[in-house]
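Colleague: Got a structure for you, written out below as structure tokens; questions coming shortly.
Protein chains in written order, with our numbering: chain A, 2 to 370; chain B, 417 to 718.
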């Protein structure tokens with residue numbers, strides 16, 4: 002019963018429209034990640050769901066119930082903040098039980114709930130410490146515990162890991178997804194809305210991901226779909242590292258694209274995927290889908306190898322074709338050092354990994370099958 | 417052993433040692449000079465107070481005969497007779513009167529200024545800018561200007577010769593300076609904690625009491641201390657509004673002993689002055705840590 006629905010949700014700051022009527026359905030028990038560059042209104046959206054930000058237009062429903070005018074405390078949500086926002090004058094124990102004490106729950110119940118949550122998050126030894134005596138990771142766990150103790154219908158996370166160092170972030174990532182699974186297994190409502198600007202977090206944690214930009218939703222999909230079938234150039238460029246290569250070109254004939262004064266052959270399989278007929282297109286190829294082929298293979302991309310970066314298990318090759326620079330990522334094992342810096346090389350795109358976008362609208366037109 | 421090491425030293429190393437010891441000596445000398453100067457100036461500043469304490473143990477005639485601060489024939493006469501006063505009331509009555517003015521005033525100030533500052537710092541409401549500007553404007557308005565209109569209002573309300581004119585303005589956040597101080601302090605505190613409290617289900621008042629007030633404590637202690645000391649020292653307010661001797665606070669009572677006796681008994685006045693200093697000093701030293709925190713930091717990290 003903890004389904005979250007956003008209907009034409011809008012937010013204006015004076016004359017500036019931050020959120021442009023977005024629609025989003027998050028199913029019961031789903032882990033939904035809102036991701037996007039800074040200023041894309043993902044945090045504003047989250048704060049509207051929490052009730053910390055007034056809604057300009059549209060509806061927010063939690064468990065089918067309209068909550069637009071409810072106070073944050075009555076919405077059945079709990080939230081974890083970016084900088085933990087622990088109450089600095091209360092010991093961890095009091096921090097955890099604050100919401101229950103406000104509701105005047107019996108002392109025994111509070112004690113039990115505190116012990117249960119602190120056991121779950123392994124923060125029992127910290128119960129009698131003040132927040133300033135905690136490390137970043139510990140403080141974040143206490144913040145999660147404070148959210149957990151309320152047994153909310155929906156958990157809201159606002160960039161909870163961005164203040165932690167890389168190593169801790171990786172372990173907290175696993176911890177949070179584990180916790181989500183455990184709560185679900187226990188039959189507790191565990192719908193999660195998780196805001197982040199970090200695509201790794203989004204890809205690894207989310208059941209589904211909602212990519213946002215300038216107050217619009219660009220695509221909502223599971224991580225695999227988002228990576229393999231991006232709906233537009235923005236999503237294609239935002240998800241994946243290194244970033245997807247884009248080449249502006251024109252659609253020529255049945256299965257070739259002319260870009261950077263070269264004709265790139267894409268094969269019949271690819272042609273079947275094309276829907277619509279745009280002449281001006283943008284070719285999108287992930288670096289992982291480019292490989293070096295023998296010289297003078299027709300229909301491949303010719304360019305000059307300008308940099309080689311050895312990353313251990315793979316090699317990054319920077320290839321200039323005219324004014325454009327492409328990045329190819331090849332496994333170290335398959336890179337035989339046949340091509341060296343300043344050599345002319347030919348790159349062949351794997352047709353399965355190639356996307357074609359309408360240059361005007363940015364929409365992906367190669368998703369027919 | 418030492419010789420052995422020294423003999424191994426190169427001339428350059430020895431030079432370095434010499435320079436270093438010279439530096440250390442100069443450093444010590446500088447420090448001594450600095451402390452001597454600070455002590456001298458400190459004593460100079462404190463001398464009137466020291467003299468006051470010394471003189472309170474002198475006889476009335478010795479005060480004028482002996483300019484030093486050390487009494488030749490120390491006596492408690494000033495304290496004993498001063499405590500009795502020339503009125504039907506002992507000095508204890510005046511002490512109690514003072515506390516009876518100060519304590520409600522301090523409590524009223526703390527509560528009202530916190531509520532008003534919270535409103536200004538955290539809420540958007542129509543006319544907020546104009547109201548805040550008005551608040552700041554009253555800071556700049558000289559007190560003297562409002563004395564007569566205020567007196568007339570309190571007279572019409574029938575509050576003369578009661579403590580109400582001293583209590584009520586403060587209990588309604590009439591001290592703009594304190595409101596301003598708390599607003600500035602609050603602005604430096606991140607809102608996240610309050611938002612977390614709201615998500616936890618706290619109402620606005622619960623957030624204020626359980627979250628904001630504890631965070632505001634250093635500033636609040638400063639406010640209370642300032643109000644305590646200023647009210648203890650306030651002479652003009654009670655002088656204007658209080659006319660019965662049995663309601664006089666210390667500040668007026670001290671003046672009283674100068675007025676009513678034919679020959680001024682300075683040793684009694686001085687002895688009672690020393691006593692009246694004691695509460696303010698005691699409170700200041702007890703809360704010194706917070707006081708300095710409150711006025712110097714102006715804000716804390718989350």
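Built from N, CA and C at the ideal position, the CB exists for glycine as well.
Just so it is clear, the structure is predicted and the values come from calculations on it, not from any experiment.
Residue 611/B versus chain A: which residues are under 9 angstroms apart at the beta carbon?
Modeller: By Cβ distance, chain A contributes 48, 51, 53, 73, 80, 82, 86.
Colleague: What are the start and end residues of the alpha helix (DSSP H) that includes residue 611/B?
Modeller: 608 to 615 is the span of the alpha helix (DSSP H), which, as asked, contains residue 611/B.
Colleague: Could you give the distance in angstroms between the alpha-carbon of residue 154/A and the alpha-carbon of residue 100/A?
Modeller: When rounded, the distance between both Cα atoms is 15 angstroms.
Colleague: Quick one: Cα of residue 475/B to Cα of residue 524/B, how far?
Modeller: Their Cα atoms are separated by approximately 42 angstroms.
Colleague: List in chain order: all unbroken beta strand (DSSP E) runs of 3+ residues lying wholly within the segment 241 to 308 of chain A.
Modeller: Segments of the beta strand (DSSP E) lying fully in the segment 241 to 308 of chain A: 246 to 253, 257 to 260, 263 to 266, 281 to 286, 291 to 294.
Colleague: Would you say the beta carbon of residue 341/A is closer than 7 angstroms to some non-hydrogen atom of the ligand ATP?
Modeller: Judged by which ligands are present, the structure shown has none, so any question about the ligand ATP falls away.
Colleague: For residue 79/A, which beta-bridge partners are listed by DSSP?
Modeller: Bridge partners of residue 79/A: 156/A.
Colleague: With respect to the alpha helix (DSSP H) encompassing residue 539/B, which residues constitute its N-terminal and C-terminal limits?
Modeller: From DSSP, residue 539/B is part of no alpha helix (DSSP H); its letter is neither H nor E.
Colleague: Note down, in chain order, every chain A residue with its Cβ under 8 angstroms from the Cβ of residue 631/B.
Modeller: 89, 90, listed in chain order.
Colleague: Alpha carbon to alpha carbon, how far is residue 260/A from residue 600/B?
Modeller: Going by the C-alpha atoms only, they are around 60 angstroms apart.
Colleague: Could you check the C-alpha separation between residue 668/B and residue 531/B for me, to the nearest Å?
Modeller: Roughly 32 angstroms between the two C-alpha positions.
Colleague: Using the beta-carbon count (16 or more within 10 Å), is residue 559/B buried or exposed?
Modeller: It is exposed - the Cβ of residue 559/B has fewer than 16 other Cβ atoms within 10 Å.
Colleague: Along chain B, which residues have their Cβ under 9 angstroms away from the Cβ of residue 158/A?
Modeller: Going along chain B, no residue has its Cβ under 9 angstroms from residue 158/A, so there is no contact; the nearest lies around 12 angstroms.
Colleague: How big is the Cα-Cα spacing for residue 295/A and residue 335/A?
Modeller: Distance between the alpha carbons of residue 295/A and residue 335/A: 13 angstroms.
Colleague: In this structure, does DSSP put residue 583/B in helix, strand or coil?
Modeller: Helix at residue 583/B.
Colleague: Determine the direct distance from the alpha carbon of residue 163/A to that of residue 138/A, and round the result to whole angstroms.
Modeller: About 11 angstroms.
Colleague: Out of 358/A, 92/A, 216/A, 256/A, point me to the one whose CA is closest to residue 35/A's CA.
Modeller: For the residues 358/A, 92/A, 216/A, 256/A, the minimum Cα distance to residue 35/A belongs to 216/A.
Colleague: Do residue 1/A and residue 149/A have their C-beta atoms closer together than 8 angstroms?
Modeller: The displayed coordinates of chain A run from 2 to 370. Any statement about residue 1/A would go beyond what the structure contains.
Colleague: Please state the DSSP three-state secondary structure of residue 137/A.
Modeller: Helix at residue 137/A.
Colleague: Find the nearest neighbour of residue 700/B within the set 658/B, 449/B, 657/B, 644/B, judged by alpha-carbon distance.
Modeller: Residue 700/B has its Cα closest to that of 644/B, out of 658/B, 449/B, 657/B, 644/B.
Colleague: Under 7 angstroms Cβ to Cβ from residue 197/A, same chain only, skipping five residues before and after it: list those, please.
Modeller: So the list reads 34, 36, 160, 203, once near-sequence residues are dropped.
Colleague: Against chain A, with Cβ distances strictly below 8 angstroms, would residue 617/B count as a contact?
Modeller: Yes, its Cβ sits closer than 8 angstroms to a Cβ of chain A.
Colleague: For residue 128/A, which residues in chain B fall below 7 angstroms Cβ to Cβ?
Modeller: Residues of chain B passing the Cβ test: none, with the nearest at roughly 18 angstroms.
Colleague: For residue 100/A, go through chain B and note every residue whose CB falls closer than 7 angstroms to its CB, in chain order.
Modeller: Simply 616, 617.
Colleague: Compare the C-alpha of residue 26/A against each of 365/A, 72/A, 209/A and name the closest.
Modeller: Selected option, being the one with the closest Cα: 209/A.
Colleague: Would residue 12/A pass as an interface residue toward chain B - the criterion being a Cβ-Cβ separation below 8 angstroms?
Modeller: For residue 12/A, the answer is no, since every Cβ of chain B falls outside 8 angstroms of its Cβ.
Colleague: My guess is that residue 688/B and residue 470/B are in contact by the Cβ rule of under 8 angstroms, so how many angstroms apart are they, rounded?
Modeller: The pair is not a contact, with the Cβ atoms about 15 angstroms apart (cut-off 8 angstroms).
Colleague: Assign residue 68/A to one of three DSSP states: helix, strand, or coil.
Modeller: Coil, per DSSP.
Colleague: In chain B, which residues lie with their C-beta within 9 angstroms of the C-beta of residue 103/A?
Modeller: The answer, in chain order, is 613, 616, 617, 618, 619, 622, 626.
Colleague: Within the chosen definition, does the segment 351 to 360 of chain A reach the segment 320 to 333 of chain A through at least 3 CB pairs nearer than 8 angstroms?
Modeller: Verdict: no, contact absent.
Colleague: Along chain A, which residues have their Cβ under 7 angstroms away from the Cβ of residue 608/B?
Modeller: By Cβ distance, chain A contributes 82, 84, 86.
Colleague: Which residues in the same chain as residue 363/A place their Cβ atom closer than 7 angstroms to its Cβ, once the five residues preceding and following it in sequence are excluded?
Modeller: Answer for residue 363/A: 233, 234, 235, listed in chain order.
Colleague: Just verifying my parser: in three-state terms, what is the DSSP assignment at residue 516/B?
Modeller: Note: residue 516/B maps to helix in three-state DSSP.
Colleague: Could you pull the start and end residues of the beta strand (DSSP E) that residue 473/B belongs to?
Modeller: Segment: none, residue 473/B is in no beta strand (DSSP E) and carries neither H nor E.
Colleague: Cutting at 8 angstroms between CB atoms, please list the residues of its own chain near residue 370/A, excluding the five before and the five after it.
Modeller: These residues qualify, in order along the chain: 273, 274.
Colleague: Taking the alpha carbon of residue 361/A as the reference point, which residue from 299/A, 306/A, 278/A, 120/A has its own alpha carbon closest?
Modeller: Looking at the Cα atoms, 278/A is the closest of the given residues.
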